[in-house]
Structures are given as C-alpha cells and as structure tokens.
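Novice: Protein chains in written order, with our numbering: chain A, 116 to 244; chain B, 116 to 244; chain C, 4 to 210; chain D, 4 to 210.
Every residue gets a Cβ at the ideal spot worked out from N, C-alpha and C, and that includes glycine.
Attaching a single structure in structure tokens format; questions to follow.
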Amino acid sequence: MNKAAVVVISHSAKIAEGIVDLVSQTKQPDVQVFSAGGTEAGEIGTSADKIKAVLEQADGEGGVLVFYDIGSAVMNAELALDMLPDLEGGVEIMDAPIVEGTYVAVVEAGMGKALEEVAEAVRRQEFVK
Amino acid sequence: MNKAAVVVISHSAKIAEGIVDLVSQTKQPDVQVFSAGGTEAGEIGTSADKIKAVLEQADGEGGVLVFYDIGSAVMNAELALDMLPDLEGGVEIMDAPIVEGTYVAVVEAGMGKALEEVAEAVRRQEFVK
Amino acid sequence: MEITSAEIKRWLFMANEKMQYNKDYLSELDQAIGDGDHGHNMARGFQETVESLKDDNEEDMGAVMKSAAMTLISKVGGASGPLYGTAFLKASDEWKGKQVVTAGEFAKGIEAAVEGIKTRGKAERGGKTLLDVWIPVLEYVQNQELVPTELTKTAKEAMEGTADMTAKKGRASYYGEKSTSHLDPGAYSSYLLFEALAEAVTKEEEG
Amino acid sequence: MEITSAEIKRWLFMANEKMQYNKDYLSELDQAIGDGDHGHNMARGFQETVESLKDDNEEDMGAVMKSAAMTLISKVGGASGPLYGTAFLKASDEWKGKQVVTAGEFAKGIEAAVEGIKTRGKAERGGKTLLDVWIPVLEYVQNQELVPTELTKTAKEAMEGTADMTAKKGRASYYGEKSTSHLDPGAYSSYLLFEALAEAVTKEEEG
Ligand SMILES: Nc1ncnc2c1ncn2[C@@H]1O[C@H](COP(=O)(O)OP(=O)(O)O)[C@@H](O)[C@H]1O
Ligand SMILES: Nc1ncnc2c1ncn2[C@@H]1O[C@H](COP(=O)(O)OP(=O)(O)O)[C@@H](O)[C@H]1O
Ligand SMILES: [Mg+2]
Ligand SMILES: [Mg+2]
Ligand SMILES: [Mg+2]
Ligand SMILES: [Mg+2]
C-alpha cells in the first residue's frame, strides 16, 4: 500500500519549502511531502488554488496529512477540499505545530502506518519540547 | 524601555527567514526579530557561532526570547549562551512551537510587555489550534 | 421589491470602488489588530472581480456571483479571501439560473452566505469578525422590506458595534483584550459591501 | 601510567582517520533512526580539527582540547557538534596548563566531559546516546589502570549494548520502539573515538 503523503501549507513559501527540506533529510522512503506556501503573487498569505493543485498531486490511496501555520491557511485548505470531492484517499487536516508536527508525521508515515495512526501519533505527541 | 527581541533558530535557513517574513508582516513597532538558520555551510543543521552572533545583535535591556525547531538547535543555543556571560538583558529559551510561538511572542512583545510576561503568554497559549 | 442581475453586477462594481477608496483605511484598521493587509487584500480581490465581469454579458445572477466568488478565492490571499469567497459561492447556489430574485429569495442567498462564513471560519456572532455585520444585515433583509438608507444604517451600526467586542477568531484574537476598542477590519469591509448594495439598488430605482 | 599532550594530539589524528573511514557506516546507522548525516557531521568536524592542529606546536593539553572543541562546535552542524564540543571543552578545563596528566587527572577530564554531555543533552544513561559509551568508559578509567585493549573492549561492548535500548533523546526518540535493535550512531562514533585513544596510547608505549 502507498504510504500517507504530507502537505505543508504556510503563509510563507520559504517556511513551507524549508520544512520540506528539513524532513526530506530524514529520507523516509516513499513518503511524499509537498509544500503550498504564499499567495499566487508570491506574497505572504495562502492560496486555495495552490493548495488545491498540491492536494491533487499528493492524493493517493495512502491519504494525505495537511499541516498549516495560522488561521486563513486552514480556511483555504478546507475550501480547496470542498472543490475536490473525488480524492482517492482520506485527508486529515492537523491542528498541530506546523514544523514539529510535520516532522513527526513524516517519521510515522515512513514506518508505513496508516493515515489514521499517523494522525493519532501526531496528536499524542507532546509539543512542549 | 526597549521591547523584548526575538531570535528564531531553525535547522533550515528558509524556515528561520520565512518566520521573520511572516511576523514582520504584523509590523510590531520596535520588536526586532532575528533569524539563525542552517549551518555555516548553508546546510540543514544549526550553528552555535551563528546563534552566538545573532544573540549578541538581539541583546538589549528588553531581553531576548529564543525559539527553536528540533533537538540540536536548543543545544547550540545553550552552548552559545554559555559563551556569552555578559549579555545586557535576560534570555528565555522557549519550549514552544517555532512558528506559532514566535508569532504570539512578537504580538505580545509589541504590546510592550516585559520579557517574563511575554514568555508567560506564550506558555499559556494552547497550541492545538 | 426585486433584485436583478444588473443590480448585482452594479453592486460588485460599486463595492470595488469603495474598496479602492478605503484601501488604506482598511489596512490601517488591520494594522492595529492584525497584519495590516486587509485593504490591500480586498482592493486586489475586487479589482480582479470587476475586471473579469466587465466584458461579460452573463445574465444569470448565480453565475455572476460564482465568478466573483472564484476570483475572490484566487486573488485575495488573506483570511478574507476564503470567507468572502465562500459567502458569495453559497449565495450563488441559491440564485443559480435566476435573472431576478424576490426579496425572499435574496434573503435566502444572504442566509446561505452567512452559514458559509460560519462554517468556514468556525466563528459565531460577537467574535469581532465580518459576521457581526453580515448577521444583522441578514436579519434586516429577512424581516424588512429593503430600504437602501435603512440597510446602510443597519450595516454601519453593526460595524461600529465591533469596537466593543474582543476578538476570538483570526489574527486579532492574538491581541486578546487589546483588540477591544478597535473596529474589526473585516466588519468594516462588509459595511462597505452592504453600503454598495444599498447604493446599487437605489440607483436602479431612480433610473 | 601518564598521558602526554603528544598522545592527545595523536588521539585526535587517529580519531579523524576512523571518522573518515567509517563515515558512510555512521551515516547509515543514522539513516535508520535519524537523518542520515552523522558520518558526514563527524568526518567534517574531525577533518577540520586536525587541519587546525597540524601546524600547531601547542604543548598544553588543555589548549589542544579547547581548540578541538571550538572546531567541533563550529563545524559539525548536528546534535553531535554541541555534544562532543561541550565534552572536549569541559575536559580542556581540567587539563589546562598541563603537558602531561596522571591517570587520575585524565579520568577527571573524562568525568567533566560526561557531566558536560549530560547537561547539554539533558540525557541520562540508558537513553541510547553517546553517553552509553562515555559513561562505561569513564567508569573504566576511574577504576582500572588504562590497558588499551581493555579500553577498546569496554567501549565496544557499551556501543553494542545500545542496540537493546529505546531512544529517549534526539531525533531517534521520534522513532520510539522502532529505534530498538538499531545501534546508536553517536554511540558508534564514541566507540571509534575511544578505540583511537587506545591505539594512540599503545603506539606511544611501543615507540
Ligand atoms: N475565523 C474567522 N471567522 C470569521 N471571520 C474571520 C476569521 N478570521 C478572520 N476573519 C475576518 O477577516 C478579517 C481579516 O482579513 P484579512 O486581513 O484580509 O486576512 P488575514 O488576517 O489573513 O491577513 C478580520 O478582520 C475578520 O473580520
Ligand atoms: N539530547 C541528547 N543527548 C545526548 N546525546 C544525543 C542527544 N541528541 C542526540 N544525541 C546523540 O547524537 C547522535 C546524532 O548526532 P547527529 O546525527 O550528528 O546529529 P543530528 O541528530 O542533529 O542530525 C545520536 O546518535 C545520539 O548519540
Ligand atoms: Mg490581515
Ligand atoms: Mg494577511
Ligand atoms: Mg543526524
Ligand atoms: Mg542532522
């Protein structure tokens, strides 16, 4: 079975891309991590269109975990999902710290855990370091 | 009195710089935010030397809040502090999510709260969004 | 009283003019309790909205609203993008296929929009957001014959009421008690939107 | 038995050779329960350490260790940088001004190093880190006359023991139970470090 994929949505393209760099270093086999950062114009903000495109790329039978930074990111993520009624796998939007949560999710997904188990593991994680 | 400053230490220069971009947008008057991301060689990792230089820049009577992403960052931060016995203000290394915590700290520091009050506000914040 | 698709289009054009004119003021409001981009966001979104409607002879009110919704979703960038976008999208569903709606049908569209904003923002009345203008306007159009000056007054008073509220949602919520005594930027842009509606409807009647 | 600053320098040179030779293996270990850079980190750090010691006629053991510590801190990049750096720095304090140390003084340096690692990493014995090699080695040098082959054996067995441990600190802790049955990369590089010490001391005695 395909492993769960991860999508990172930040108001800043640099943050989103940096998180992908950081977790790619853990080189989890077959865990795909995608970034959707900034607005279409490259400014600070989020873009439902960008997120939609990335969710379509990330979609697969393993499902997708979505991490975001602040407020409007989650609104655009949910809006993008509303526009994508026919995804193959499940999608979990995670209320977790974007950097630390993504790190844990990539490790857990790399172990081949199913979407729900990965989400559970992220929720269980204590984020006071 | 000077407002508290903020230092963001990430394994990724992009993450650290992106966080500065994100919070600079809130344009808090007089809250200085500095980034120390990546190794000297520009790779994923942290650098005690970079952190030391940034802590010296950030230092002032308002004190400094330090946010970091994962493990080794905090070790290098503490090591850098050991090498800086004569800072003017206090330093608080925060066990908080790096993106979300920095955001809250910049807003709170912008209100003119003292270092300890800002740290308290960050700790009080619930990071389940 | 009925509302036509020509009036809906004029509404959007007049809203754009107001967003352009008040761009700096909206951003100033957002500066105090947010990130200072609300005017920039709204001005860009509505500018693009009218650009794409300009040469379009669409008569279907639903299609006009849907086009505006998609443009706002794509171009606004901030929280207000998905919020106004969802509001317009939900209204467009109610007005689909119509060139003119009754007062009751119009209210149904606004009701759907309000539900959409609530779901999207997980917000409630009193949270110092644009909902604190949309909900009073909804109650007005549900219960009264639409009198333009009354509509503007309702929206304006509702907007002014946000100064007494403490933000619970969005960036302003980080400011906690400090957000109190400031107007909510989203509430202000919603007031402009409904003022534009009032004027769009007035002109039509005069003409 | 005494240890001279020439032996300390040879120690660092031999450690560098071992880090270069085992670079890929260390990274492979780190791949399984970390981010796969431990060999890269250690090889770079020790390479730079010997570069800066090469043309240096320093006779003070403390100064040699301090120079190595500062280079490791600057050049390693990963968690192992501040950890080895702090260890060497604490040892350098104990050996400051000495060109030769007694077995007891040597043990005092290793003890200070272990305390430094514990403080820096907030870690304890049994947490599947380099401490699980450093602490048994400390106990060995505190209680036995330093016999090179015995020192190597102590470090090797301690390193092998990390396979049975579950990581509680560092990146490997994210792997939870899955970290069990893998060797800890930091424990392995520490084993290499003490094997180099054993060899540095042996050669001196032969020569
Ligand atoms: N969760 C929410 N629910 C309802 N309205 C919200 C929410 N979050 C923000 N808003 C509205 O959006 C406005 C801010 O919009 P804008 O500045 O464009 O977005 P951003 O905060 O992303 O920069 C606020 O003044 C408020 O009215
Ligand atoms: N908190 C800690 N305390 C003690 N040792 C640690 C700690 N964190 C990591 N280590 C050690 O560091 C090693 C990993 O080093 P390295 O791969 O160079 O750093 P990073 O994990 O930053 O990539 C681990 O195998 C472990 O022995
Ligand atoms: Mg804003
Ligand atoms: Mg914004
Ligand atoms: Mg590593
Ligand atoms: Mg590393």
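Between the C-alpha atoms of residue 210/D and residue 147/D, what's the straight-line distance to the nearest angstrom?
Specialist: Your numbering for residue 210/D matches position 207 in the fourth sequence. Your numbering for residue 147/D matches position 144 in the fourth sequence. Residue placement at residue 210/D cannot be trusted, given a pLDDT of 45 that sits under 50; what the coordinates show is reported in the next sentence. Taking the straight line from one Cα to the other gives about 23 Å.
Novice: Based on the DSSP secondary-structure assignment, which residues constitute the bridge partners of residue 183/A?
Specialist: Against the first sequence, residue 183/A aligns to sequence position 68. Its beta-bridge partners are 124/A.
Novice: Sorted by chain position, which residues of the same chain lie with C-beta nearer than 7 Å to residue 136/A's C-beta, five sequence neighbours on each side aside?
Specialist: For the purposes of this step, residue 136/A is taken as residue 21 along the first sequence, with counting starting at 1. The answer is none, since no qualifying residue turns up.
Novice: Quick check: residue 148/A and residue 213/A, are their CB atoms within less than 9 Å of each other?
Specialist: Locating residue 148/A in the first sequence gives position 33, where the first residue counts as 1. Locating residue 213/A in the first sequence gives position 98, where the first residue counts as 1. Result no, Cβ atoms of residue 148/A and residue 213/A do not sit closer than 9 Å.
Novice: Is the Cβ of residue 212/B closer than 9 Å to any Cβ of chain A?
Specialist: Taking the second sequence and counting its residues from 1, the one referred to as residue 212/B is at position 97. Closer than 9 Å to some Cβ of chain A, the Cβ of residue 212/B qualifies, so yes.
Novice: Quick check: the Cα distance between residue 120/D and residue 6/D, rounded to an integer number of angstroms?
Specialist: Locating residue 120/D in the fourth sequence gives position 117, where the first residue counts as 1. Locating residue 6/D in the fourth sequence gives position 3, where the first residue counts as 1. Cα to Cα, residue 120/D sits roughly 23 Å from residue 6/D.
Novice: Considering only their Cβ atoms, is the gap separating residue 112/C from residue 126/C smaller than 9 Å?
Specialist: Within the third sequence, numbered from 1, the residue matching residue 126/C stands at position 123. Within the third sequence, numbered from 1, the residue matching residue 112/C stands at position 109. Result no, Cβ atoms of residue 126/C and residue 112/C do not sit closer than 9 Å.
Novice: Chain A beta carbons: is any one of them nearer than 9 Å to that of residue 124/B?
Specialist: Position 9 of the second sequence holds residue 124/B. No, residue 124/B does not count as interfacial toward chain A.
Novice: Applying the 10 Å Cβ sphere with the 16-neighbour rule, what's the burial state of residue 199/B?
Specialist: Within the second sequence, the letter at position 84 stands for residue 199/B. When all chains shown are included, residue 199/B counts as exposed.
Novice: Since residue 85/C contacts residue 117/A with CB under 8 Å, what's their CB separation in whole angstroms?
Specialist: The residue labelled residue 85/C in the question sits at position 82 within the third sequence. The residue labelled residue 117/A in the question sits at position 2 within the first sequence. The Cβ separation is near 29 Å, so there is no contact.
Novice: With a threshold of 9 Å between beta carbons, is residue 207/A in contact with chain C?
Specialist: As a working mapping, residue 207/A is identified with position 92 in the first sequence. Closer than 9 Å: no.
Novice: With a threshold of 8 Å, are at least 3 pairs of Cβ atoms found where one atom belongs to the segment 7-19 of chain D and the other to the segment 148-155 of chain D?
Specialist: Contact fails: fewer than three Cβ-Cβ distances are below 8 Å.
Novice: Can you round the beta-carbon distance between residue 18/C and residue 195/C to whole angstroms, since I take them to be within the 8 Å contact cut?
Specialist: Your numbering for residue 18/C matches position 15 in the third sequence. Your numbering for residue 195/C matches position 192 in the third sequence. Their Cβ separation, rounded to whole angstroms, is 7 Å, which keeps residue 18/C and residue 195/C in contact under 8 Å.
Novice: Kindly give me the distance between the Cβ atoms of residue 68/D and residue 49/D, rounded to whole angstroms, as I take these residues to be in contact under 8 Å.
Specialist: In the fourth sequence, the residue the question calls residue 68/D occupies position 65. In the fourth sequence, the residue the question calls residue 49/D occupies position 46. With 8 Å as the limit, residue 68/D and residue 49/D do not qualify as a contact, their Cβ atoms being about 14 Å apart.
Novice: Hey, how far is the Cα of residue 133/A from the Cα of residue 180/C?
Specialist: On the first sequence, position 18 is the one that residue 133/A refers to. On the third sequence, position 177 is the one that residue 180/C refers to. The alpha-carbon atoms of residue 133/A and residue 180/C are separated by roughly 34 Å.
Novice: Could you tell me the distance, in whole angstroms, from the CA atom of residue 204/D to the CA atom of residue 105/D?
Specialist: The sequence position of residue 204/D within the fourth sequence is 201, counting from 1. The sequence position of residue 105/D within the fourth sequence is 102, counting from 1. When rounded, the distance between both Cα atoms is 13 Å.
Novice: Mind checking who residue 209/A pairs with in its DSSP beta bridge?
Specialist: Indexing the first sequence from 1 puts residue 209/A at position 94. Looking at the DSSP assignment, residue 209/A forms a beta bridge with 182/A.
Novice: Using a Cβ-Cβ distance cut-off of 9 Å, determine whether residue 130/A contacts chain C.
Specialist: In the first sequence, counting from the first residue as 1, residue 130/A sits at position 15. Chain C, which has no Cβ nearer than 9 Å to the Cβ of residue 130/A, makes this no.
Novice: Does DSSP put residue 184/D in a helix, in a strand, or in coil?
Specialist: Your numbering for residue 184/D matches position 181 in the fourth sequence. Note: residue 184/D maps to coil in three-state DSSP.
Novice: From residue 131/A to residue 187/A, what distance separates their C-alpha atoms?
Specialist: Taking the first residue of the first sequence as position 1, residue 131/A is located at position 16. Taking the first residue of the first sequence as position 1, residue 187/A is located at position 72. Distance between the alpha carbons of residue 131/A and residue 187/A: 15 Å.
Novice: Beta-carbon within less than 7 Å of residue 127/B's beta-carbon, same chain only, minus the 5 sequence neighbours each way: which residues are those?
Specialist: Taking the second sequence and counting its residues from 1, one reaches residue 127/B at position 12. Only 152, 153 and 159 meet the Cβ criterion.
Novice: Which residue comes first and which comes last in the alpha helix (DSSP H) that contains residue 112/D?
Specialist: To locate residue 112/D, count along the fourth sequence from 1; it is residue 109. Where residue 112/D is concerned, the enclosing alpha helix (DSSP H) stretches over 106-124.
Novice: With H, G and I counted as helix, E and B as strand and the rest as coil, what does DSSP make of residue 154/B?
Specialist: Your numbering for residue 154/B matches position 39 in the second sequence. Correct three-state label for residue 154/B: coil.
Novice: Using a Cβ-Cβ cut-off of less than 7 Å, give me the residues of the segment 135-163 of chain A that come near chain D, in sequence order.
Specialist: Residues 140, 141 and 142.
Novice: Flag this pair as touching only if the segment 138-145 of chain A and the segment 211-231 of chain A have three or more C-beta atom pairs under 8 Å; answer yes or no.
Specialist: They touch, by the three-pair rule.
Novice: Go to residue 89/D, then tell me how far its alpha helix (DSSP H) extends in each direction, as first and last residue.
Specialist: The residue given as residue 89/D occupies position 86 in the fourth sequence. First-last of the alpha helix (DSSP H) with residue 89/D: 83-98.
Novice: Using three-state DSSP, classify residue 79/D as helix, strand or coil.
Specialist: Working through the fourth sequence from its first residue, we reach residue 79/D at position 76. Correct three-state label for residue 79/D: coil.
Novice: Are the segment 69-83 of chain C and the segment 51-61 of chain C touching, with three or more C-beta to C-beta distances below 8 Å?
Specialist: These segments touch.
Novice: If the cut is a Cβ gap below 8 Å, which residues of chain A does residue 82/C touch?
Specialist: Within the third sequence, the letter at position 79 stands for residue 82/C. Ordered by position in chain A, the residues that pass the 8 Å Cβ test against residue 82/C are 186, 187 and 190.
Novice: Would you say residue 198/B lies against chain C (beta-carbon separation less than 9 Å)?
Specialist: Numbered from 1 along the second sequence, position 83 holds the residue referred to as residue 198/B. No - not a single Cβ of chain C is within 9 Å of the one on residue 198/B.
Novice: Applying the criterion that 16 or more other CB atoms from any shown protein chain within 10 Å of the CB defines a buried residue, is residue 123/C buried or exposed?
Specialist: Reading the third sequence from its first residue, position 120 is the one you call residue 123/C. With 16 or more Cβ atoms within 10 Å of its Cβ, residue 123/C is classed as buried.
Novice: Measuring straight from C-alpha to C-alpha, what distance separates residue 135/C and residue 240/A?
Specialist: Position 132 of the third sequence, counted from the start, is the residue given in the question as residue 135/C. Position 125 of the first sequence, counted from the start, is the residue given in the question as residue 240/A. Going from the Cα of residue 135/C to the Cα of residue 240/A covers about 37 Å.
Novice: Roughly how many whole angstroms lie between the Cα atoms of residue 30/C and residue 173/C?
Specialist: By one-based count along the third sequence, residue 30/C stands at place 27. By one-based count along the third sequence, residue 173/C stands at place 170. Spanning the two alpha carbons is a distance of roughly 15 Å.
Novice: Does the beta-carbon distance from residue 168/C to residue 183/C come in below 9 Å?
Specialist: On the third sequence, position 165 is the one that residue 168/C refers to. On the third sequence, position 180 is the one that residue 183/C refers to. Contact: yes.
Novice: Here's a check: name, in chain order, each residue in its chain whose Cβ is nearer than 8 Å to the Cβ of residue 157/A, leaving out the five neighbours to either side.
Specialist: Residue mapping note: residue 157/A aligns to position 42 of the first sequence, counting from 1. Within the same chain, residue 157/A has close Cβ partners 128.
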